[in-house]
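Asks: Chains as they are written, first to last, in our numbering: chain A, 1 to 168; chain B, 169 to 1116; chain C, 1117 to 1173; chain D, 1174 to 1253.
Even for Gly, the Cβ is constructed at its ideal location relative to N, Cα and C.
Since we're looking at a predicted model, the values are computed, not measured.
Please see the structure below; I have some questions.
Structure, rendered in structure tokens:
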């Protein structure tokens, strides 16, 4: 879960170090205090969300996240996550490499693709945009965006007029 | 404690004393005299007006006479019963028939001067004496300037000074000038280990509390210079030695080995002189001296002894024996706690449960004949279904929260949140009167969701849940915001930020509360039998207790015979024949119709949950399945096998147990013996194992005395680090010194060496008093190896019960749940828990038997309602949840044509891994639904944030 | 005559309270007789306890 | 030069004045308990974290974390 989260946060334009997963048992109050103090100062150094990320617009970042949440709810990426967890569990393989590689190969593409799809929908519901503009806004290659556009237009959800896409 | 106040089957009779006890076990008649409180408990609202208006000051004994209160008062805010009372000795109305001011100011009309003393006659089957301990005479303390010099305090007084709710709100000041002290001295063994005052015993707790008080003081004032004057550092309890070491290192507390004979005042400061073991004289000036006073027998010990017709020992504590540590000399009258001998909280709590077990054995025929069952009103389902009507109660917790957080601001802020119809602040929301008033307000305002903004749900949620139940609301409809443990206490220096945080936490809790749903309260039947692992003294004692309480027991022992380590003992610490104790026990166990003994047997696996376990036992190559409701781990420990000290190389080097075995067979081996050397802490306290093995000191002294008895001209030398002959065992230590046994301290840097010579052996060691090396040719060297954990690691994995770093089983809570482990329905006793004496093992075994018998006696256990629920319409039967569940608590079952996931409610621990990995979001968690967590996340943003 | 299902516990300190709680859970009625005006004994006066420094209430 | 100095100072002020908003997901049995016990011991730590209690870190879903960032969190601390 944590690794998926980190990789996907990065995809959404959020510094993955902003999320931390730590362990402190019930008996480790001093350790807890150390962890939390260290973490807060780390985030202080990074500044407000969006600043360290170098995103010129916080708005864009939030939009990535909005689409990201939707992607994380979608069945395809969730199945990918479940299947990978199941596999690693069965093999008893919890090595960092196995998890990182697994997430990179199986889960992230599903999440990313779903995020791009959702973001296209959000953007187009706000107004018409060209392929170039879309590609820049969703932070993805033109080819990736095109795939979704053609699928959506086949379904009749969107249409193209004078090089600009909008909701049908 | 609050639970005791709430239980319908505990009748608290205060201001009362026992006057007579007639009859016989099972049918006693107890006569009790109860003095009037002059305030009606049922009417008193604990508002405190009476205290404010009373003109009569009295010293506050609760605050160790450091503060002043008035004749009508309450001991402390959370006291139970939560009603004020009038101190009859001071009251003008009671004594002179004047004043009556309080009665006029009391708006509740609770003050009632017509109350007369009551004589109660109670029919009871058994009596448990737990009157606690008394205080050391002021006369003893005067020797140390107490009463003469204001800055000499007792440790009990100092405890109140360091307490945030104490008279100084936790600021440490000198009573003479109200200024903070810079140098504090703690003097140990005041009124303990001191024959001149008649208390020859060790009080067993002072070393620990002195270290605790010193640490707390350093925590408050890091610059304090604190010295503790010890004779021996006796931190022999489980985990205590490590805690002492940590405290010494972390806080830099000076530990000085010396007994300070007197305290003098010089120029407003306190002067001490002392002599260290190397014979050097020292002196020092201190701002404050704390006397670590010991525990005395209770002041009314003699009266209790007469009234209850029981015998006392030579120190006026209750007389008991090693094989029956909780039985008094009168049948049916039991004892627990410090009256049995000075002891700390975990041991008192253990004995208390143990005494309950014995009473339950005696009266098992009469179980449930006189109890009252509470029935909760039926749930008001309609009200629960209505739109959320939320009530928010913000707790001051005295100054604990209100001292940092602006409680009123938080309360008013709560009023602005959607769905909130009532918002109030309370002084102590967990006090009984507050709970009552919360319940009334919920009813009055027809609330159907409640937010308590106070302390941690981990400790207090059950309390508020029960309050809801008592008025017909589902207990799952309460949510807590933790603004004490995780806010006020940890942001004490930043009141504004803490107040903001408290507001945020309340906003998040209210957001969650809006989405709370009622949850089922399922119960499951209990298999009425216990599985006990280990057939040593502890296992047998607990088996006998549970069997006598009327339940079946399966006793599993891995070796061929019952007995465990007890088989190797010859004499008990009080001089009884250990073999006879063992024989009697084994006989009883074998003859008991409720006990089935399986020897040469092992637990292979265990599944299920409290009330319904199924275990696989392997025995002589075969396996069998056993169903049982509870389990006790009594697998024991073993004598540590010494390394070095020429052990195993020379026949003259033995362990204490080997010596005992030899001694029991005759004394011929001592014929030519002259010098016997004993070496303590072999393997313990950092040599190999880090823990203190607790009883080796006493065992060595016992065996040394035995040797002297057999051959009085022996020279016996005992090399030790601290002599930890705690409690009444100190008597043996003193006796040994009087008989000329030599005690020589060593430090871990300079351990004694055993050297093999051409003929015989010698021991080389450093004598700190002589300041030089010492060589003793030894006829016999007896090592005191510690107690090592048994093969706990494997069992720990099978049972999923955690171990301490020393390899013993870890109890659920060191003080309050000393015989339970983290797994519900599994209990713990004997050496498997940690090193302890036979009498302590037996008391603990009884305690485990009491705890284990509770679910058996109830016949039903409640299942926690925080479990996963599957929406089977959304489930696609992928099986991801089934494969990930760590508790095997969810599985696929055929529903119609398709496979669907289903939760096994009784096994589910509510972790939620199934929910977070469900591709179709078909699984939700009771009390922690996706919607509720999302709502909390949204409420995290002060401006609000919406789901899209 | 049948045995009584009630038990008298003398002393409302930590030991007495624990005995009373366990007995009530085991199916007996308990009279908790305390000489002072409130239960809790010395435990209620302790701020923190060794070695974990837990709150004692 | 002087101007630059001023802006540096302002920058510094902004740096030190920034109080991040952090959301914590704490496991009931572990981290939440550790946080309680930190309170009991009166340890002090920065007041920037708001806590959502869960029964186990296994409960935490990727979308909770994204949602937290979306709702203005500058950081998310999950504690098992």
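Flag this pair as yes or no: are the beta carbons of residue 873 of chain B and residue 830 of chain B separated by less than 8 Å?
Replies: Not closer than 8 Å, so no.
Asks: Check residue 752 of chain B in the structure and name its three-state DSSP category.
Replies: Three-state result, residue 752 of chain B: helix.
Asks: Report the rounded CA-to-CA distance for residue 1110 of chain B versus residue 683 of chain B, giving the unit in angstroms.
Replies: Residue 1110 of chain B and residue 683 of chain B: Cα-Cα distance of roughly 19 Å.
Asks: In chain B, which residues lie with their C-beta within 7 Å of the C-beta of residue 86 of chain A?
Replies: By Cβ distance, chain B contributes 1048, 1051, 1052.
Asks: Put residue 891 of chain B into one of helix, strand or coil per three-state DSSP.
Replies: Residue 891 of chain B: coil per DSSP, three-state reduction.
Asks: On the three-state DSSP scale, how would you describe residue 912 of chain B?
Replies: DSSP places residue 912 of chain B in strand when its eight states are reduced to three.
Asks: Restricting to Cα atoms, I'd like to know which of B:910, B:853, B:243, B:892 is closest to residue 919 of chain B.
Replies: The shortest Cα separation from residue 919 of chain B among B:910, B:853, B:243, B:892 belongs to B:853.
Asks: Between residue 662 of chain B and chain D, is any beta-carbon pair separated by less than 8 Å?
Replies: Closer than 8 Å: yes.
Asks: So for residue 584 of chain B, helix, strand or coil by DSSP?
Replies: The answer is coil: DSSP assigns residue 584 of chain B none of H, G, I, E or B.
Asks: Which residues of chain D have a Cβ atom closer than 7 Å to the Cβ of residue 33 of chain A, listed in chain order?
Replies: Chain D residues near residue 33 of chain A: 1211, 1216, 1218.
Asks: Among B:700, B:895, B:536, B:821, which one has its Cα closest to the Cα of residue 1145 of chain C?
Replies: It is B:536 whose Cα lies nearest to the Cα of residue 1145 of chain C.
Asks: I'd like the ranges of any alpha helix (DSSP H) spanning at least 4 consecutive residues and lying wholly in the stretch 1213–1250 of chain D.
Replies: Fully enclosed alpha helix (DSSP H) runs of 4 or longer: 1235–1243.
Asks: Can you give the Cα-Cα distance for residue 1229 of chain D and residue 1136 of chain C, rounded to whole angstroms?
Replies: For residue 1229 of chain D and residue 1136 of chain C, the distance between alpha carbons rounds to 34 Å.
Asks: Assign residue 564 of chain B to one of three DSSP states: helix, strand, or coil.
Replies: Residue state, collapsed to three classes: coil.
Asks: Do we get a CB-CB distance below 8 Å when we pair residue 969 of chain B with the residues of chain D?
Replies: Residue 969 of chain B does not count as touching chain D.
Asks: Within 8 Å of any Cβ in chain D, is that where the Cβ of residue 598 of chain B sits?
Replies: False, the Cβ-Cβ gap to chain D never drops below 8 Å.
Asks: Taking any Cβ of chain D, which residues in the stretch 540–567 of chain B have a Cβ under 9 Å from it, in chain order?
Replies: Flagged: no residues at all.
Asks: Please report whether the beta-carbon of residue 1236 of chain D lies at a distance below 8 Å from any beta-carbon of chain A.
Replies: It does; some Cβ of chain A falls within 8 Å.
Asks: Give the residues of chain B in contact with residue 1231 of chain D, contact being defined as C-beta atoms less than 7 Å apart.
Replies: Result: 1079, 1080, 1081, 1084.
Asks: Does any C-beta atom of chain A lie closer than 8 Å to the C-beta of residue 1087 of chain B?
Replies: Yes, because at least one Cβ of chain A sits closer than 8 Å to the Cβ of residue 1087 of chain B.
Asks: Output the boundary residues of the alpha helix (DSSP H) element that contains residue 30 of chain A.
Replies: Per DSSP, residue 30 of chain A belongs to the alpha helix (DSSP H) from 29–46.
Asks: For the alpha helix (DSSP H) containing residue 220 of chain B, name the first residue and the last one.
Replies: Start and end: 217–221.
Asks: Pick out whichever of B:716, B:619, B:635, B:393 has its Cα sitting closest to the Cα of residue 671 of chain B.
Replies: Of B:716, B:619, B:635, B:393, the residue nearest in Cα terms is B:619.
Asks: Going by Cα to Cα distance, which pick from B:1056, B:1070, B:850, B:891 is closest to residue 1041 of chain B?
Replies: Residue 1041 of chain B has its Cα closest to that of B:1070, out of B:1056, B:1070, B:850, B:891.
Asks: Who are the near neighbours of residue 1176 of chain D in its chain, counting only those whose CB is closer than 8 Å to its CB and skipping five residues on each side?
Replies: Because the pLDDT of residue 1176 of chain D is 42, which lies under 50, any placement of that residue in the model is unreliable, and the question is left without a value.
Asks: Can you have a look at residue 540 of chain B and say buried or exposed, based on whether 16 or more other CB atoms are within 10 angstroms of its CB?
Replies: Exposed.
Asks: With 16 other CB atoms within 10 Å as the buried threshold, where does residue 1122 of chain B fall?
Replies: As displayed, chain B neither begins before 169 nor continues past 1116, which places residue 1122 of chain B out of reach and without an answer.
Asks: Between residue 30 of chain A and residue 1216 of chain D, which are expected to be in contact by the criterion C-beta below 8 Å, what is the C-beta distance as a whole number of angstroms?
Replies: Sure, about 7 Å apart at Cβ, within 8 Å.
Asks: Give the DSSP bridge partners of residue 442 of chain B, in chain order.
Replies: DSSP lists B:450 as partners of residue 442 of chain B.
Asks: Residue 175 of chain A versus chain D: which residues are under 8 Å apart at the beta carbon?
Replies: Here chain A has residues from 1 to 168 only, and residue 175 of chain A is not among them.
Asks: Using C-beta distances below 8 Å, list every residue in its chain close to residue 1211 of chain D, excluding the 5 sequence neighbours before and after it, in chain order.
Replies: If we look at residue 1211 of chain D and ignore the five residues flanking it on each side, its Cβ neighbours are 1218.
Asks: Once DSSP output is grouped into helix, strand and coil, what is the label at residue 73 of chain A?
Replies: DSSP places residue 73 of chain A in helix when its eight states are reduced to three.
Asks: Hey, residue 992 of chain B and residue 778 of chain B: beta-carbon distance below 8 Å or not?
Replies: Their beta carbons are under 8 Å apart, which means residue 992 of chain B touches residue 778 of chain B by this criterion.
Asks: For residue 495 of chain B and chain D, any beta-carbon pair shorter than 8 Å?
Replies: Chain D, which has no Cβ nearer than 8 Å to the Cβ of residue 495 of chain B, makes this no.
Asks: Check the Cβ of residue 786 of chain B against every Cβ in chain D and list those closer than 9 Å, keeping chain order.
Replies: Within chain D, no residue comes near residue 786 of chain B; the closest Cβ sits about 32 Å away, beyond 9 Å.
Asks: Decide yes or no for the touch test of the stretch 722–742 of chain B against the stretch 1048–1063 of chain B: beta carbon pairs closer than 8 Å, at least 3 of them.
Replies: No, the stretch 722–742 of chain B does not touch the stretch 1048–1063 of chain B.
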